[in-house]
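Novice: Below is a structure I'd like to ask you about.
2 protein chains.
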Amino acid sequence: MTAIKKTSVIQENKNNAFIACPVTFVMERIGGYWKPIILFNLLTGTKRYSALKRSIPSITEKVLIQHLKQLETDGLIIRKSKPVVPPYVTYELSKQGKALRPVLHAMAAWAVSNGGKQSKQFQKQMADFPTA
Amino acid sequence: MTAIKKTSVIQENKNNAFIACPVTFVMERIGGYWKPIILFNLLTGTKRYSALKRSIPSITEKVLIQHLKQLETDGLIIRKSKPVVPPYVTYELSKQGKALRPVLHAMAAWAVSNGGKQSKQFQKQMADFPTA
DNA sequence: ATGTATACATACTATGGGGTAAGTACTTCC
DNA sequence: GGAAGTACTTACCCCATAGTATGTATACAT
Numbered sequence: 001m002t003a004i005k006k007t008s009v010i011q012e013n014k015n016n017a018f019i020a021c022p023v024t025f026v027m028e029r030i031g032g033y034w035k036p037i038i039l040f041n042l043l044t045g046t047k048r049y050s051a052l053k054r055s056i057p058s059i060t061e062k063v064l065i066q067h068l069k070q071l072e073t074d075g076l077i078i079r080k081s082k083p084v085v086p087p088y089v090t091y092e093l094s095k096q097g098k099a100l101r102p103v104l105h106a107m108a109a110w111a112v113s114n115g116g117k118q119s120k121q122f123q124k125q126m127a128d129f130p131t132a
Numbered sequence: 001m002t003a004i005k006k007t008s009v010i011q012e013n014k015n016n017a018f019i020a021c022p023v024t025f026v027m028e029r030i031g032g033y034w035k036p037i038i039l040f041n042l043l044t045g046t047k048r049y050s051a052l053k054r055s056i057p058s059i060t061e062k063v064l065i066q067h068l069k070q071l072e073t074d075g076l077i078i079r080k081s082k083p084v085v086p087p088y089v090t091y092e093l094s095k096q097g098k099a100l101r102p103v104l105h106a107m108a109a110w111a112v113s114n115g116g117k118q119s120k121q122f123q124k125q126m127a128d129f130p131t132a
């Protein structure tokens, strides 16, 4: 019987921080490079899987699905599928997901003010920030 | 004459837009498991290196230093050292770092509302959230 | 002389997030 | 009848981040 590693210090630390720190709690849910981008795209409303994929060309399908599943199990988005022949699946923000808007907005605002050379670029993006 | 644009400029621009995503920009700076915690600890004011270490017992020195350096080069914190014999080094938030307060606060607020079982715990933490 | 405190540095290892590539099932379009 | 679209799945690999362990310089206290 080979001993299986049950304790990973990384996981332990994650857990501790996660329990104690609300910011870490949020990071766990929206952290990584893709999740904020996905959420950002869903702020504008319900979208089909294929539409999301087209909106974010450089993400791979595997990673997109992966994050969508994660976001779904975290209760941030809602998946709806119609049992039709060319599959028809849509994703939309849940109530909790929608509640992230001010968080994302605060981050974007900070980027505009503190983005250095990129500030102007960010400002343009902000113009498209869905406010409702 | 070389062919100039075969690919849709719109798509290209979209792509660039995502590369230049303001939220991603912020994530780059405050992402990871430790950075938000470090920043959180510095929100209460200037601290010595050793004080930080004691505040975050489970972080290793290597990782703490690593992030402090990164935060410093990103202009979020300021390092000050006195050339005395037992070294005396303090870290404090820069102006940009302080500007992160609303971001961290928005995240914490979301955690309180959407933390499920942990909401109460987070609420306690929020009581300690430095508001000034 | 030995230990302690401070603020790091460095070499090595391991975990996991994300990327690459290819496959699947089903149907409509040309 | 072969290509194309749709929403995935699966197997494999890479590398950045984080953890372990140990070393360094200095001065004071015991």
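Just so you know, the protein sequences line up as chains A and B, in that order. For the first sequence, UniProt numbering assigns the number 1 to the initial residue and increments by one for each residue that follows. For the second sequence, UniProt numbering assigns the number 1 to the initial residue and increments by one for each residue that follows. In this text, a Cβ means the ideal position worked out from N, Cα and C, and glycines have one as well.
(1) Taking only beta-carbon atoms, is I65 (chain B) less than 8 Å away from chain A?
(2) For the alpha helix (DSSP H) that Y49 (chain A) lies in, which residues bound it at each end?
(3) Quick one: list the residues of chain A neighbouring G115 (chain B), beta-carbon separation under 8 Å, in chain order.
(4) For I37 (chain A), decide whether its Cβ has a neighbour in chain B, counting only Cβ atoms nearer than 8 Å.
(5) If you draw a straight line from the alpha carbon of L68 (chain B) to that of N41 (chain A), how long is it in whole angstroms?
(6) Please report whether the beta-carbon of V112 (chain B) lies at a distance below 8 Å from any beta-carbon of chain A.
(7) In terms of residue numbering, what span does the beta strand (DSSP E) encompassing V89 (chain B) cover?
(8) Using DSSP bridges, identify the partner residues of K82 (chain B).
(9) Within a Cβ cutoff of 6 Å, which residues of the same chain sit near I78 (chain B), ignoring the five residues on either side of it in sequence?
(10) Could you tell me which residues DSSP puts in a beta bridge with G77 (chain A)?
(11) Mind checking if G45 (chain A) is an interface residue toward chain B, Cβ cutoff 8 Å exclusive?
(12) Taking the C-alpha atoms as reference points, what is the distance between S58 (chain A) and F25 (chain B)?
(13) Taking just the CA atoms, how far does A99 (chain A) sit from T131 (chain B)?
(14) To be precise: take each residue of the segment 88 to 111 of chain B, compare its Cβ to all Cβ atoms of chain A, and keep it if any distance is under 7 Å. Which residues remain?
(15) Taking only beta-carbon positions, decide if Y33 (chain A) is within less than 8 Å of chain B.
Specialist: This is what the structure holds:
(1) Translated into the one-based positions of the second sequence, residue 65 (chain B) becomes position 65. Using a Cβ-Cβ cut-off of 8 Å, I65 (chain B) does not count as an interface residue toward chain A, since no Cβ of chain A sits closer than that to its own.
(2) Walking along the first sequence from the start, residue 49 (chain A) turns up at place 49. Annotation: the continuous alpha helix (DSSP H) that includes Y49 (chain A) extends over Y49 to S55.
(3) Start at 1 with the first residue of the second sequence, and residue 115 (chain B) comes out as number 115. Those are P22 and F25, listed as they occur along chain A.
(4) Locating residue 37 (chain A) in the first sequence gives position 37, counting from the first residue. Output row for I37 (chain A): interface = yes.
(5) As a working mapping, residue 68 (chain B) is identified with position 68 in the second sequence. As a working mapping, residue 41 (chain A) is identified with position 41 in the first sequence. Rounded to the nearest whole angstrom, the CA to CA distance from L68 (chain B) to N41 (chain A) is 33 Å.
(6) Taking the first residue of the second sequence as position 1, residue 112 (chain B) is located at position 112. Interface annotation, V112 (chain B): in contact with chain A, CB-CB separation under 8 Å.
(7) Sequence index remark: in the second sequence, residue 89 (chain B) carries index 89 (1-based). Start and end: Y88 to L93.
(8) By one-based count along the second sequence, residue 82 (chain B) stands at place 82. Under DSSP, K82 (chain B) forms a beta bridge with B:Y88.
(9) Looking up residue 78 (chain B) in the second sequence gives position 78. Residues E92 and S94 of the same chain have their beta carbon placed closer than 6 Å to that of I78 (chain B), with the five preceding and five following residues left out of the count.
(10) Taking the first residue of the first sequence as 1, we reach residue 77 (chain A) at position 77. The question names Gly, but residue 77 (chain A) in the sequence shown is Ile. Partner(s): A:L93.
(11) Residue numbering aside, residue 45 (chain A) sits at position 45 when the first sequence is read from its first letter. Chain B, which has no Cβ nearer than 8 Å to the Cβ of G45 (chain A), makes this no.
(12) Start at 1 with the first residue of the first sequence, and residue 58 (chain A) comes out as number 58. Start at 1 with the first residue of the second sequence, and residue 25 (chain B) comes out as number 25. Computed Cα separation, rounded: 17 Å.
(13) Taking the second sequence and counting its residues from 1, the one referred to as residue 131 (chain B) is at position 131. Taking the first sequence and counting its residues from 1, the one referred to as residue 99 (chain A) is at position 99. Going from the Cα of T131 (chain B) to the Cα of A99 (chain A) covers about 22 Å.
(14) Residues passing the 7 Å Cβ filter: Q96, A99, L100, P102, V103, L104, A106, M107, A108, W110 and A111.
(15) The residue labelled residue 33 (chain A) in the question sits at position 33 within the first sequence. By this cut-off, Y33 (chain A) is an interface position.
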